[in-house]
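Below you'll find the structure, written out as structure tokens, and then a few comments.
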Amino acid sequence: MEIKEVKEGLYYYGGDYYTKNYVPGKKVYGEKLLTIDGVEYRRWDAFRSKLAGALKKGLKDFPFSKKAEILYLGASTGTTVSHLSDICEDGVIYAVEHAPQMMEKLMKLAERRDNIVPILADARMPTEYEDIGEVGVLYQDVAQPDQVRILLLNERKFLKDGGSAMLCLKTHSIDVTKEKEETLKGAKEELKTRLSIEEVIDLDPYDKEHYFIAMRK
Ligand SMILES: C[S@@+](CC[C@H](N)C(=O)[O-])C[C@H]1O[C@@H](n2cnc3c(N)ncnc32)[C@H](O)[C@@H]1O
3 MEIKEVKEGL YYYGGDYYTK NYVPGKKVYG EKLLTIDGVE YRRWDAFRSK LAGALKKGLK
63 DFPFSKKAEI LYLGASTGTT VSHLSDICED GVIYAVEHAP QMMEKLMKLA ERRDNIVPIL
123 ADARMPTEYE DIGEVGVLYQ DVAQPDQVRI LLLNERKFLK DGGSAMLCLK THSIDVTKEK
183 EETLKGAKEE LKTRLSIEEV IDLDPYDKEH YFIAMRK
């Protein structure tokens, strides 16, 4: 079986997505490593990363490339960020996280990956990291009741015209009493005031609580 580069820096092999390991020999979250023709790849676990889940469910828009500049809100310990770091080897990922325990692990990850810039901040306060300037991609996974407002706040301040925004929408964080379809509808209305919605993906079975929404400015 041959490993295939399906998008810049994104590989497909045996039914799974892979990225080239930026730090050969090192795993980030216990993922499988695979070496083919002397090149080491990391399996991108669709049950651990919503972006990999979205790819498995047919996501078409993939704005990540070698030189991409990304603002990532809700980086946690860096599971998804690490794969973006593999892909965007000459780019930069501004990884915002507000929990100090997560940040500690993220800082360790960034020690070996110089395209990750960890930022300890609240994504509701974009002025705290306004020095980063504009980016081509905004990615958000924060599971907060005001997650749509947070995305739009950051989009206004940082996203270039024509740039991509990706939102992992946790409907239950917005309203536990509503059906998820109803919450999605409300979120889409709000997002449409600023962005064009290109794709909406229900992440089930990889994640039963999130929709993945891909947008353009
Ligand atoms: C579901 S986890 C993110 C997982 C990560 N995106 C991944 O795929 O590897 C959500 C993260 O968002 C962080 N978070 C929640 N609210 C935030 C806020 N207002 N500002 C920054 N980070 C926030 C949480 O601390 C948590 O680490």
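Per the numbering used here, residue 3 is the first one in the sequence shown, and the count goes up by one each step. Just so it is clear, CB atoms sit at the ideal spot from N, CA and C, and this is done for glycine as well.
Give the straight-line distance between the Cα atoms of residue i and residue j, rounded to the nearest whole angstrom.
| i | j | result |
| --- | --- | --- |
| I176 | R44 | 34 angstroms |
| L75 | Q142 | 5 angstroms |
| V137 | L36 | 32 angstroms |
| G188 | A125 | 21 angstroms |
| Y24 | D116 | 10 angstroms |
| M109 | Q103 | 10 angstroms |
| T1 | Y208 | There is no way to answer for residue 1, as the model of the chain reaches only from 3 to 219. |
| K229 | Y14 | Any answer about residue 229 is impossible in this case: the structure gives the chain only from 3 up to 219. |
| I134 | L155 | 15 angstroms |
| R151 | H174 | 16 angstroms |
| G60 | A145 | 23 angstroms |
| I203 | E183 | 12 angstroms |
| E192 | I5 | 40 angstroms |
Is it the case that the Cβ atoms of residue i and residue j are separated by a distance below 8 angstroms?
| i | j | result |
| --- | --- | --- |
| P120 | F160 | no |
| L205 | K219 | no |
| I95 | I72 | yes |
| L86 | M105 | no |
| D10 | K68 | Strictly speaking, residue 10 in this sequence is Glu, with Asp absent from that position. Against a cut-off of 8 angstroms, the Cβ pair of K68 and E10 comes out as a contact. |
| A48 | K62 | no |
| I118 | A101 | no |
| F254 | A56 | Residue coverage of the chain in this structure runs from 3 to 219, which leaves residue 254 outside it and unanswerable. |
| M3 | G17 | no |
Using 8 angstroms as the limit for Cβ to Cβ distance, is residue i near chain B?
| i | result |
| --- | --- |
| K29 | This model lacks chain B altogether; it includes just one protein chain. |
Can you tell me which of the options puts its alpha carbon nearest to the alpha carbon of residue i?
| i | options | result |
| --- | --- | --- |
| L140 | D116, V202, C170, V41 | C170 |
| Y131 | E99, K162, A145 | E99 |
| E181 | E211, G164, I203 | E211 |
| A114 | S67, I203, P26, A48 | According to the sequence provided, residue 114 is Arg. The question's Ala does not apply to it. Closest by alpha carbon: P26. |
| P65 | I89, I5, H174 | I89 |
| K52 | Y19, E42, G40, V41 | Y19 |
| Q149 | K22, K172, W46 | K172 |
| D92 | A70, A77, S78, L111 | A70 |
| T179 | E200, V202, P147, G135 | P147 |
Enumerate in chain order the residues of its own chain whose CB-to-CB distance from residue i is below 7 angstroms, with the five nearest sequence positions on each side excluded.
| i | result |
| --- | --- |
| R50 | Y31, T81 |
| A167 | L140, L153, E157, L161, L197, M217, K219 |
| S78 | E99, M104 |
| L111 | V30, G80, S84, I118 |
| V41 | K22 |
| L12 | Y19, T21, F64, I89 |
| E33 | R44, R45, D47 |
| E200 | D63, A216, M217, R218 |
| D163 | K219 |
For a test of your reading of the model: does the CB of residue i fall under 7 angstroms from any non-hydrogen atom of ligand 2? Yes or no.
| i | result |
| --- | --- |
| G32 | Ligands displayed in this structure: ligand 1; ligand 2 is not among them. |
What does a CB cutoff of less than 8 angstroms around residue i pick up in its chain, not counting 5 residues either side in sequence?
| i | result |
| --- | --- |
| K28 | R114 |
Under 6 angstroms Cβ to Cβ from residue i, same chain only, skipping five residues before and after it: list those, please.
| i | result |
| --- | --- |
| K194 | none |
| K107 | T79 |
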